[in-house]
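Student:
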Amino acid sequence: MFRELSNMARNMGPLMFSMLLLGAVYANPENSHGRKSFKGYQVISVQAENEMQVEYLNLLQTGPEIDFFQIPSLTQRTDILVPPTQLKEVKRSFRKMKMPFEVTNRDIEQLIERERQQMAGKSTDDIWTSYLPWEKFEVWLQDRSTSYPNMIELKSIGKSYEGKDIWQVKVAANVNDAKKPAMYIECLAHAREWITGSVCLGSIDILTSNYGQSGTQGQQATEMLNKFDWYFIPMMNPDGYNFTKDNRLWRKNRVPNAFPTCPGVDLNRNFDADWGGAGSSSNWCADTYRGGSANSENEAKAVIGAVAETGRVVSYLSIHSYSQLLLVPYAYSTVKAPDYDELKRIGDEAMLALRRVNGVTFQVGHGPEILYAASGGAFDYFKLNDVKYCYVYELRPGPGAGSNGFILSASEIDPSIRETFASFHSFAVQIPA
Ligand code: 0X9
Ligand code: ZN
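Residue numbers for the sequence shown follow my numbering, so the first one is -7 and each next one is one higher.
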C-alpha cells in the first residue's frame, strides 16, 4: 500500500509540490473586513469509488489549504473546499483517477459575504431569524436565566483557552424540585456549524416559554420537563465560534500548537473513546487534529466533569451539521454498540417525528457505514461510560449537489429548530425515565 501511495504521489507530482510550496509561504488572505476571504474558492463534491481513490483523497487531505468537509469514504460523497490556486490541478487529478466530481459552489465567498451583510443589517438578537455572534449568544443565555429563574440554572462548567465560559443550561420544570433523570444536548463543538447553536437556543426557548401551556409545543414541553431534566451545552467551543467571524469555516478550538500557524484541536476527536484511532490526525495542521492526549482540552474536561456531576444521565445528543443524518454508536469502530438495534429503532422513530414537521428526511445508521469512522467523539465517550442513548445529529442541509454546507440560510433557522425539537420530544417519549 505504501508503494502505491508513493506512486500516486509521484503521479500527482506537480500538485503535491505546489501544495508543499503553498504550505511554506501560505498567509491568510484577508478581505477589507479583516477576515479570511474565500474569493475564488470552490466546493467540489467528489465520490470515491474504490479504496485507491479514498487513499488519494486522504493524501490530498494532508496538504495545506484544502478543507475537507467530510472525511473521505466510500459510503458518502466528500465535499472539499479548494483554493483558486489549486483548482486546476485538483480537478485534473480527479479526472486522471476517473473519480466522479462536480462543482457544487463556484464562489463560497459570496455566500459568506451575503450572510455577513444580513447579520449586520438587522438587530441580531432574535435567535429564530439570526445567528448570534458570541457576545450576544452569552447575553441571550443570561437574559433567559434571569427571566426564568425557576426553570433555568445557568452554570459555567469551565473556561476555554481564551478564558471564555463554557456554559451549561439546566432547564427543569422547577430547578428546586428533586433531580430527574437527565437528557444532555451538546451544540457547537465544531465552530462553523452555526445552525447547531441555534437549535440549542431555540430548544431552550421552546421548553421555557411553553411549559404548562396548551397547544402542541405546550404539551410537548410539559411532557418533556415532567419526565426529565434537560441539560444543554449550547456552545461547547466558544473560542472557535468567536473566531468564525474572522474565518467562517473554522472547525477546531483555538489552543496554540507547536506549529504557530496551525492552532486548534478538533474537540470531536479529543475524547477518550479509542483516542488516536480512526478518522483522527496527529498533524497539528489537520482539521481533525486530536490533541496531545485523550481529554486534553478544557472543553472536553468541562463536559466530562459536568456530566459526571449530574447524576443519572440517560441520553447524550451531540448536535453537528451537515448531511441530515442521525448516527448511532460506535463511530470509532466498525463494531456496533451491543444495543445498536434498539438505539436504531428509537432513532428511526425520532427521525419520523422530525420529518413530520417540514418533510425533511434524515438517514439513520451506524457512523462508519453511512458516513465514516471517527474516534475520540464525545458521544462515543459517553456511550462507553454508561450513558445508554447516545447519538450524533448532522443537521441541514443534505449532502452533495445544491448544498451550501455550513452556510445555512438564516431562513432555515426556524424550521431547523422546530423539526429538531420534535425529535427531542420523540426521544423523551421513547426513552424510559
Ligand atoms: O466528523 C465529525 O466529528 C462529525 N461530522 S462533522 O461533519 N460535523 O464534523 C461526525 C461524528 C460522528 N461520526 C461518525 N459516527 N462516524
Ligand atoms: Zn461537527
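Even glycine gets a Cβ: it sits at the ideal position worked out from N, Cα and C. All figures in this text were calculated on a predicted structure; none of them were measured in a lab.
State the start and end residues of the unbroken beta strand (DSSP E) segment that holds residue 67.
Tutor: Taking the first residue of the sequence shown as 1, we reach residue 67 at position 75. First-last for residue 67: undefined, no H or E at that position.
Student: Going by C-alpha distance, which of 367, 335, 417 and 392 is nearest residue 348?
Tutor: The residue you call residue 348 lines up with position 356 of the sequence shown. Distances from the alpha-carbon of residue 348 to those of 367, 335, 417 and 392 put 417 closest.
Student: Can residue 69 be considered in contact with the ligand 0X9, in the sense that its beta carbon sits closer than 8 Å to one or more heavy atoms?
Tutor: Here residue 69 is taken as the residue at index 77 of the sequence shown, counted from 1. With a cut-off of 8 Å, the C-beta of residue 69 is classified as distant from the ligand 0X9, since no heavy atom of the ligand falls inside that distance.
Student: Have a look at residue 140 and residue 195 and give me their C-alpha separation to the nearest angstrom.
Tutor: The residue given as residue 140 occupies position 148 in the sequence shown. The residue given as residue 195 occupies position 203 in the sequence shown. Taking the straight line joining both Cα atoms gives about 14 Å.
Student: Since residue 145 contacts residue 398 with CB under 8 Å, what's their CB separation in whole angstroms?
Tutor: What you label residue 145 is simply residue 153 of the sequence shown in a count that begins at 1. What you label residue 398 is simply residue 406 of the sequence shown in a count that begins at 1. 31 Å between Cβ atoms; not a contact.
Student: For residue 88, does the count of other Cβ atoms within 10 angstroms reach 16, so buried, or fall short, so exposed?
Tutor: Position 96 of the sequence shown, counting from 1, holds the residue named residue 88. The residue in question, residue 88, is exposed, as its Cβ has fewer than 16 Cβ neighbours within 10 Å.
Student: Do the CB positions of residue 40 and residue 51 come within less than 9 Å of each other?
Tutor: In the sequence shown, the residue the question calls residue 40 occupies position 48. In the sequence shown, the residue the question calls residue 51 occupies position 59. With a cutoff of 9 Å on beta-carbon distance, residue 40 and residue 51 are scored as not near each other.
Student: Under DSSP, the alpha helix (DSSP H) around residue 408 begins and ends at which residues?
Tutor: If you number the sequence shown from 1, residue 408 lands on position 416. The continuous alpha helix (DSSP H) containing residue 408 extends over residues 405 to 422.
Student: Rounded to a whole number of angstroms, what is the C-alpha to C-alpha distance between residue 46 and residue 296?
Tutor: On the sequence shown, position 54 is the one that residue 46 refers to. On the sequence shown, position 304 is the one that residue 296 refers to. Taking the straight line joining both Cα atoms gives about 34 Å.
Student: Our contact map puts residue 346 next to residue 415 with C-beta atoms below 8 Å; I'd like the distance itself, whole angstroms only.
Tutor: For this step, residue 346 is matched to residue 354 along the sequence shown. For this step, residue 415 is matched to residue 423 along the sequence shown. Confirmed, Cβ separation roughly 4 Å.
Student: Measuring only the C-alpha atoms, how far is residue 158 from residue 199?
Tutor: For the purposes of this step, residue 158 is taken as the residue at position 166 of the sequence shown. For the purposes of this step, residue 199 is taken as the residue at position 207 of the sequence shown. Cα-Cα distance, rounded: 21 Å.
Student: From what residue to what residue does the alpha helix (DSSP H) around residue 186 run?
Tutor: For the purposes of this step, residue 186 is identified with residue 194 of the sequence shown, where counting begins at 1. That run of the alpha helix (DSSP H) goes 186 to 202.
Student: Cα separation between residue 499 and residue 227?
Tutor: Only positions -7 to 425 of the chain appear in the structure, and residue 499 is not among them; the question remains open.
Student: Tell me which residue opens and which closes the beta strand (DSSP E) that residue 384 is part of.
Tutor: Reading the sequence shown from its first residue, position 392 is the one you call residue 384. From DSSP, the beta strand (DSSP E) with residue 384 extends over 381 to 387.
Student: If I'm right that residue 411 touches residue 309 with Cβ under 8 Å, what's the distance once you round it to whole angstroms?
Tutor: The count along the sequence shown starts at 1 and reaches residue 411 at position 419. The count along the sequence shown starts at 1 and reaches residue 309 at position 317. No, residue 411 and residue 309 are not in contact; Cβ-Cβ is about 14 Å, not under 8 Å.
Student: Starting from the Cα of residue 37, find the closest Cα among 29, 65 and 31 and give me that residue.
Tutor: Taking the sequence shown and counting its residues from 1, the one referred to as residue 37 is at position 45. Nearest C-alpha to residue 37: 65.
Student: How many whole angstroms separate the CB atoms of residue 262 and residue 368, which I take to be in contact at a CB cut-off of 8 Å?
Tutor: Here residue 262 corresponds to residue number 270 of the sequence shown, with the count starting at 1. Here residue 368 corresponds to residue number 376 of the sequence shown, with the count starting at 1. That belief holds up - the Cβ atoms of residue 262 and residue 368 are roughly 6 Å apart, short of 8 Å.
Student: Going by alpha carbons, who is nearest to residue 133 out of 95, 192, 114 and 107?
Tutor: The count along the sequence shown starts at 1 and reaches residue 133 at position 141. Cα-wise, what sits closest to residue 133 is 192.
Student: Relative to the ligand 0X9, is the shortest distance from any of its heavy atoms to the C-beta of residue 86 smaller than 8 Å?
Tutor: As a position in the sequence shown, residue 86 is number 94, starting the count at 1. Flag unset: Cβ of residue 86 not near the ligand 0X9.
Student: Restricting to Cα atoms, I'd like to know which of 143, 215 and 174 is closest to residue 168.
Tutor: Start at 1 with the first residue of the sequence shown, and residue 168 comes out as number 176. Of 143, 215 and 174, the residue nearest in Cα terms is 143.
Student: Go through the residues and name those whose CB comes closer than 7 Å to any heavy atom of the ligand ZN, in chain order.
Tutor: After applying the 7 Å Cβ criterion, the set is 181, 182, 185, 260, 312 and 313.
Student: For residue 383, which residues in the same chain have their Cβ closer than 7 Å to its Cβ, ignoring the five residues on either side in sequence?
Tutor: Stepping through the sequence shown from its first residue, residue 383 is reached at position 391. Around residue 383: 309, 318, 319, 320, 339 and 371.
Student: Work out the CA separation of residue 244 and residue 252 for me, nearest whole Å.
Tutor: Numbered from 1 along the sequence shown, position 260 holds the residue referred to as residue 252. Numbered from 1 along the sequence shown, position 252 holds the residue referred to as residue 244. One C-alpha to the other measures close to 15 Å.
Student: Given 8 Å as the limit, tell me if residue 310 has its C-beta closer than that to any heavy atom belonging to the ligand 0X9.
Tutor: Numbered from 1 along the sequence shown, position 318 holds the residue referred to as residue 310. Yes, Cβ of residue 310 sits closer than 8 Å to a heavy atom of the ligand 0X9.
Student: I want to check one thing, is the minimum distance from the CB of residue 263 to the heavy atoms of the ligand 0X9 below 8 Å?
Tutor: Locating residue 263 in the sequence shown gives position 271, counting from the first residue. Flag unset: Cβ of residue 263 not near the ligand 0X9.
Student: With DSSP as the reference, label residue 363 as helix, strand or coil.
Tutor: For the purposes of this step, residue 363 is taken as residue 371 along the sequence shown, with counting starting at 1. Coil at residue 363, not helix or strand.
Student: Roughly how many whole angstroms lie between the Cα atoms of residue 100 and residue 421?
Tutor: As a first step, residue 100 is located in the sequence shown; it is residue number 108 there, counting from the start. As a first step, residue 421 is located in the sequence shown; it is residue number 429 there, counting from the start. Going from the Cα of residue 100 to the Cα of residue 421 covers about 41 Å.
Student: Can you tell me the Cα-Cα spacing of residue 233 and residue 276, whole angstroms?
Tutor: Looking up residue 233 in the sequence shown gives position 241. Looking up residue 276 in the sequence shown gives position 284. The straight-line gap from Cα to Cα measures roughly 19 Å.
Student: Determine which residues share a DSSP beta bridge with residue 357 and list them.
Tutor: Position 365 of the sequence shown, counted from the start, is the residue given in the question as residue 357. For residue 357, which the question treats as bridged, DSSP gives the partners 319.
Student: Mapping the DSSP letters down to three states, classify residue 257 as helix, strand or coil.
Tutor: For the purposes of this step, residue 257 is identified with residue 265 of the sequence shown, where counting begins at 1. Residue 257 falls in the coil class under three-state DSSP.
Student: Since residue 160 sits in a beta bridge, which residues does DSSP pair it with?
Tutor: Working through the sequence shown from its first residue, we reach residue 160 at position 168. According to DSSP, residue 160 bridges with 147.
Student: Check for me: the beta strand (DSSP E) holding residue 175 runs from which residue to which?
Tutor: Walking along the sequence shown from the start, residue 175 turns up at place 183. It spans 174 to 178 - the beta strand (DSSP E) in which residue 175 sits, taken as one unbroken run.
Student: Consider the C-beta atom of residue 386 and the heavy atoms of the ligand 0X9; say whether any pair is separated by less than 8 Å.
Tutor: Taking the first residue of the sequence shown as position 1, residue 386 is located at position 394. Because some heavy atom of the ligand 0X9 lies under 8 Å away, the Cβ of residue 386 counts as near it: yes.
Student: Under three-state DSSP, which class holds residue 221?
Tutor: Mapped onto the sequence shown, residue 221 falls at position 229. If DSSP states are grouped into helix, strand and coil, residue 221 belongs with the strands.
Student: With the cut-off set at 9 Å, would you say residue 217 and residue 174 are in Cβ contact?
Tutor: As a first step, residue 217 is located in the sequence shown; it is residue number 225 there, counting from the start. As a first step, residue 174 is located in the sequence shown; it is residue number 182 there, counting from the start. Against a cut-off of 9 Å, the Cβ pair of residue 174 and residue 217 comes out as no contact.
Student: Could you tell me the alpha carbon to alpha carbon distance between residue 53 and residue 78, rounded to whole angstroms?
Tutor: Locating residue 53 in the sequence shown gives position 61, counting from the first residue. Locating residue 78 in the sequence shown gives position 86, counting from the first residue. For the pair residue 53 and residue 78, the Cα-to-Cα distance works out to about 13 Å.
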